[in-house]
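Numbering-wise (my numbering), the sequence shown opens with residue 2 and increments by one.
Written out below as structure tokens is the structure these notes cover.
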Amino acid sequence: MGAFLPRGVIITTVVDNYLDVFETSTPVVERIVPGKLKRPLLAGHGLAFLVEVDLGEERFSLLMDTGNAFDFLKHNMEALGRGPNEVDALFLSHGHPDHYGGLMGFLAWRGAPLPVYTHPDVFWPKYLATPRGKVGPWELERAGLEKAGAELHCSREVQELRTGVYLTGEIPRRTEFEGGMPGARIIKEGSDLVDPLVDEQALVVNLGEKGIAVVSGCSHPGIVNTIHHAREITGNDRLFAVIGGFHLAQVSNEVMARTAAALKESKARLVVTGHCTGFRPNARLSSELGDVFAINCVGTRVVLGGP
Ligand SMILES: [Fe+2]
Ligand SMILES: [Fe+2]
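Structure (structure tokens):
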């Protein structure tokens, strides 16, 4: 493990629900130039980020989540000129299939062991009880993953993967307006329960004076809670960037207003949302945060810090 904090991090979106080739680049949010790719990218439900951390002497590469299905994860990685053997580890943010759907395929594609970091509760069967009926159940099978080459590191606590690179562990619920997902159920030790979604963790990269980068999968614990926890873990209050799915489509107007206000107060220099954030929440955050906000797309590269 290096002794110095990361100098920079590049977060490339490999899978997201959104794709828009007309979004413009900024120095920090680079958009793909479609004509330069071998083939077009595909949008698809779910999320996967390729996170490359510059640690000076070492480059640490992490695949965070794998989208809903392996075929478009593989398609997009290949279109972006990336391969399965260039990652040092995989982080599964939580036990929902739009994040682990491509995992078994990815391990088979790689064909070599891979450290996989996650929370132990991702392996319980889960389902959604919706007004339109039951969705699921789904289950990520631990034995199958291990057989496919996953070297599992399951923890409820903070894990520091490299100096300044953290998985948050369980995220305390501090705000009264966040947390939970209507209809989310978990079958734990034979009991059918409301899923408290404690298995969701975020990735945090501490870039020192530049601030922290918070990368969140679905933000079921609440994006504001996630930011609080990331600041506490790193002891760094500066917020460089918040990136990921915020899962706000179903929240009330009041919760939306409080979330937007808290994001404004957070003084984040960059907020990049996609996946499960929701169309109206994205529109609202765009209008409230102005240039701080960017929509995430497949192929987007968020380039933070660096030498
Ligand atoms: Fe999701
Ligand atoms: Fe989720």
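Virtual Cβ for every residue (Gly too), placed ideally from N, Cα, C.
Query: Residue 189 versus residue 122 - alpha carbon distance; Result: 9 Å
Query: Residue 192, DSSP secondary structure in three states; Result: strand
Query: Check whether residue 88 and residue 62 have beta carbons under 8 Å apart; Result: yes
Query: Burial state of residue 280, where buried means 16 or more other Cβ atoms lie within 10 Å; Result: exposed
Query: Cβ contact check for the stretch 130-138 and the stretch 159-178: 3 or more pairs under 8 Å; Result: no
Query: Alpha-carbon spacing of residue 243 relative to residue 271, whole angstroms; Result: 6 Å
Query: Span of the alpha helix (DSSP H), counted from its first residue to its last, around residue 71; Result: 71-80
Query: Nearest candidate by alpha-carbon position, reference residue 65, set 34, 138, 103, 81; Result: 103
Query: DSSP-derived helix/strand/coil call for residue 106; Result: helix
Query: Beta-bridge partners of residue 275, as assigned by DSSP; Result: 246
Query: Residue burial classification, residue 21 (beta-carbon count within 10 angstroms, cutoff 16); Result: exposed
Query: Length of the line joining the Cα atoms of residue 200 and residue 155; Result: 10 Å
Query: Residue of 8, 74, 85, 78 minimising C-alpha distance to residue 55; Result: 8
Query: Three-state secondary structure assigned by DSSP to residue 3; Result: Low confidence applies to residue 3: its pLDDT is 49, below 50, so where it sits in the model is not reliable enough to give any reading.
Query: Contact test: residue 154 Cβ vs ligand 2 heavy atom, cutoff 7 Å; Result: no
Query: Assigned secondary structure, residue 50 (DSSP; H/G/I helix, E/B strand, else coil); Result: strand
Query: Closest by C-alpha distance to residue 11, when choosing among 249, 215, 286; Result: 215
Query: Near ligand 2: residue 298 beta-carbon under 7 Å from a heavy atom; Result: no
Query: Residue 162, enclosing beta strand (DSSP E) - first and last residue; Result: 160-163
Query: Any 3 or more C-beta pairs closer than 8 Å across the stretch 244-264 and the stretch 179-187; Result: yes
Query: Three CB pairs or more closer than 8 Å across the stretch 69-80 and the stretch 132-148; Result: no
Query: For residue 230, three-class secondary structure by DSSP; Result: helix
Query: Beta carbon nearer than 5 Å to a non-hydrogen atom of ligand 4; Result: Absence of ligand 4 from the depicted structure is noted, with ligand 1 and ligand 2 being the only ligands included.
Query: Local conformation of residue 266 per DSSP, three classes; Result: helix
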